[in-house]
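Chains A and B supply the protein sequences, listed in that same order. Number 36 in our numbering belongs to position 36 of the first sequence; there are no gaps in the numbering. Number 1050 in our numbering belongs to position 50 of the second sequence; there are no gaps in the numbering. In this text, a Cβ means the ideal position worked out from N, Cα and C, and glycines have one as well. As the structure is a prediction and not an experimental result, all values here were calculated from the model. In what follows, a structure is listed as C-alpha cells, so that the remarks can point back to it.
There are 2 protein chains.
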Amino acid sequence: MIDTKQKILDAAEQLIAGQGYAATSLRQIITSAGVNLASIHYHFGSKEELLDELVRRKAVPVNEKRLEILDRYAAEAGGGPVPIEKVLDAFLTPMAEAATRQPQFVRVMGRVIVEGLLPAVIQKNFQPVLNRFIGALREGLPHLSASEFQWRIQFMIGAMAHTMCGTIEQDGDFGTRIARLIVFLSAGFRAPATEGK
Amino acid sequence: MIDTKQKILDAAEQLIAGQGYAATSLRQIITSAGVNLASIHYHFGSKEELLDELVRRKAVPVNEKRLEILDRYAAEAGGGPVPIEKVLDAFLTPMAEAATRQPQFVRVMGRVIVEGLLPAVIQKNFQPVLNRFIGALREGLPHLSASEFQWRIQFMIGAMAHTMCGTIEQDGDFGTRIARLIVFLSAGFRAPATEGK
DNA sequence: GTCTATACTGAGATAGAC
DNA sequence: GTCTATCTCAGTATAGAC
C-alpha cells in the first residue's frame, strides 16, 4: 500500500509530539499505525531517518515562507537594516501558521531541538535559513561585539525552542505567544552592550 | 568499597556532561569506572536515580547560595522590589561559581533541563527556589499581566537552559556569559507589555 | 515493489550465589 | 557489598512470501 508510509508518519508525529522522540519506540508506532515492524525500515531505513523525513516534509515549506517574508521586509527597508521586530516576525509567523493547521508539528520541532536530535538535519535544512536571519539581525545591531551578538543569538534560540515545546498549558493561541516572544527578544537584542566585556 | 559509589558518580558525570544522558549507557559508565554493572543498581536503584543523586548532590548547595544572596539583596532593597538585574544575578552567580570548580556539573544541569529529564527532581529541588525568584521578579514588573509574565519566565528558562549546555565553543569564561545573559534578560523583562494582548 | 516473520545485538533491570 | 546469569524490551537486519 502506498499509504503505509503515510500511516507510519502520522502515527509517529502523534506519538513523538506527545511523548518525545526517545520515549517513542518503533513498536509503539507500528501498533498505532497498524503496520509491520519491518515496514519502517523498508520505507525509511531507520528510526532517525523516519524523524528526518517527518521534520523535513513540513520544515521545507515553513523555511521557504520565512525567506519570502524576510525578502519582502528587506525590499521595504530599501537597503537599510530591517527592524529586528520584523526579522523575528518573518521567522516566527510561518511557524505559527503551520501550528494552527498542524499543532503536532510544532511540538515535534521543539522536541527535535530540545532533545538535541538530528544535528545533520538541522545543519542542512535550517542553517542556511538561520544564517540569512542572523545576518539580517546583525545589520540592525551594529552596537554589539561579534561575541556578544553570537551569545544573544544563543539566548534567542534557547527561548524559542523552549517556547515551541509548550509543555506548559497553552493560554491563548500560538499567535499571542509569538507576539510576546518578539517583544521580549527585541528588547533583549536592543539592550546596550554589556559593560567591560 | 565505599568509593565504588563515588567512582560511579564521577564517571557518570564525565560521560553525561559530554554526551548527554540518553546517549550514555550504564555499560559505558561501569567500564569507565571499573566496577560491575549490578553495582549501579545496588547503590542507586536505577539509571534515573543515579542522575537524580548526581544532580541533587551539587544542586542543593547552589540553591542555598542563591537564596542567601537573594535575601541579602532583599534586605538592601528594604521592603521595595529588588532590581531584576540583581535577582537574576543572585540566581546565576552561584551556578557560575560552581562552574569554575566543577565545569562538568553545569553541563549536566543543562542536559537535565534540555533533555526534559527528572521532572520530579526539578519539581522537588528547584520549584521552591524558582518560586522565590519568580516572586522577586514579579515585584519589579507590575506592568505585566499574569499571563505575559508567565511567558517571559518561560523565555528566560529556555535561554538559561540552552546557555548552560554551552554546546557552542566557550569564548570567555562562564562569568562573562552570565553577565551578558543578565543584560539580555533584564531588557526583555523590562520591555513594555505586548500591545492588545 | 511491498510486506511478514523472525533473529541479532545491546540496552536497563533483577535474582540469587558468594 | 559484589558478581554472574538472565529477563525483557529496544533498534536493527535479513530471508523469503506475495
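If residue i and residue j are in contact, beta carbons under 8 angstroms, what's the gap, nearest whole angstrom?
{"i": "B/Phe-1184", "j": "B/Leu-1137", "result": "15 angstroms between Cβ atoms; not a contact."}
{"i": "A/Met-160", "j": "A/Leu-181", "result": "7 angstroms"}
{"i": "A/Gln-102", "j": "A/Lys-65", "result": "Between A/Lys-65 and A/Gln-102 the Cβ distance is about 14 angstroms, and since that is not below 8 angstroms, they are no contact."}
{"i": "A/Leu-15", "j": "A/Ser-39", "result": "Their Cβ separation, rounded to whole angstroms, is 16 angstroms, which puts A/Leu-15 and A/Ser-39 out of contact at 8 angstroms."}
{"i": "A/Arg-177", "j": "A/Thr-163", "result": "6 angstroms"}
{"i": "B/Ser-1145", "j": "B/Ala-1193", "result": "7 angstroms"}
{"i": "B/Val-1114", "j": "A/Val-114", "result": "6 angstroms"}
{"i": "A/Asn-36", "j": "A/Ile-30", "result": "6 angstroms"}
{"i": "B/Phe-1155", "j": "B/Val-1087", "result": "Not really, about 15 angstroms apart at Cβ, beyond 8 angstroms."}
{"i": "A/Gly-81", "j": "A/Glu-13", "result": "Per the sequence presented here, residue 81 of chain A reads as Pro, with Gly not at that position. The Cβ separation is near 38 angstroms, so there is no contact."}
{"i": "B/Gly-1158", "j": "A/Gly-158", "result": "5 angstroms"}
{"i": "B/His-1104", "j": "B/Ala-1022", "result": "It is worth fixing the name first, because residue 1104 of chain B is Gln in this sequence and not His. Rounded, the Cβ-Cβ distance is 17 angstroms, inconsistent with contact."}
{"i": "A/Ala-191", "j": "B/Ala-1187", "result": "3 angstroms"}
Is any heavy atom of the ligand PLP found at a distance shorter than 7 angstroms from the C-beta of residue i?
{"i": "B/Phe-1133", "result": "Inclusion of the ligand PLP in the displayed structure is not the case, the ligand content being empty and no account of it being possible."}
Would you check if there are 3 or more beta carbon pairs closer than 8 angstroms linking the stretch 1004 to 1020 of chain B to the stretch 1035 to 1044 of chain B? yes
inquiry  = Within 8 angstroms, do at least three Cβ pairs link the stretch 1113 to 1127 of chain B to the stretch 1083 to 1100 of chain B?
reply    = Contact fails between the stretch 1083 to 1100 of chain B and the stretch 1113 to 1127 of chain B, because fewer than three Cβ pairs, one in each stretch, are under 8 angstroms apart.
Take every Cβ of the stretch 1062 to 1073 of chain B, pair it with every Cβ of the stretch 1112 to 1119 of chain B, and state whether three or more of those distances are shorter than 8 angstroms.
no
Residues of the stretch 51 to 62 of chain A in Cβ contact with chain B at a cutoff of 7 angstroms, in chain order, please. none
Practice problem: Would you list, in sequence order, the uninterrupted alpha helix (DSSP H) runs of no fewer than 4 residues that lie entirely inside the stretch 1082 to 1161 of chain B? | Solution: Runs of the alpha helix (DSSP H) inside the stretch 1082 to 1161 of chain B: 1084 to 1101, 1103 to 1114 and 1127 to 1139.
### Query
Between the stretch 1098 to 1116 of chain B and the stretch 1050 to 1059 of chain B, are three or more C-beta pairs nearer than 8 angstroms?
As far as the Cβ criterion goes, the stretch 1098 to 1116 of chain B touches the stretch 1050 to 1059 of chain B, which means the pair count is three or higher.
- prompt: What are the residues of the stretch 1145 to 1158 of chain B that lie near chain A, defined by any Cβ-Cβ distance shorter than 9 angstroms?
  reply: Ser-1147, Glu-1148, Gln-1150, Trp-1151, Arg-1152, Gln-1154, Phe-1155, Met-1156, Ile-1157 and Gly-1158
**Prompt:** Name the residues in the stretch 104 to 117 of chain A whose C-beta lies less than 8 angstroms from a C-beta of chain B; which are they?
**Reply:** Cβ contacts with chain B: Val-114, Glu-115 and Gly-116.
- request: Quick one: which residues of the stretch 129 to 144 of chain A get their C-beta closer than 8 angstroms to a C-beta of chain B? List them in chain order.
  value: none
Beta carbons nearer than 7 angstroms to chain B: which residues of the stretch 5 to 37 of chain A have them?
Those residues of the stretch 5 to 37 of chain A that come within reach of chain B (Cβ to Cβ, closer than 7 angstroms) are Gly-20 and Ala-22.
Can you list, in chain order, the residues of the stretch 88 to 104 of chain A whose Cβ is nearer than 8 angstroms to any Cβ on chain B? none
**Request:** Check each residue of the stretch 179 to 191 of chain A: if its Cβ is closer than 9 angstroms to any Cβ of chain B, include it; give the result in chain order.
**Result:** For the stretch 179 to 191 of chain A, the beta-carbon criterion of a distance under 9 angstroms to any beta-carbon of chain B is satisfied by Ala-179, Arg-180, Leu-181, Ile-182, Val-183, Phe-184, Leu-185, Ser-186, Ala-187, Gly-188, Phe-189, Arg-190 and Ala-191.
Q.
So within the stretch 1006 to 1050 of chain B, which uninterrupted alpha helix (DSSP H) runs reach at least 4 residues, ignoring any that extend past its ends?
A. 1026 to 1033 and 1037 to 1043
Practice prompt. Mind checking the stretch 1069 to 1080 of chain B against chain A and listing, in chain order, the residues whose C-beta falls within less than 8 angstroms of any C-beta there?
Written response: none
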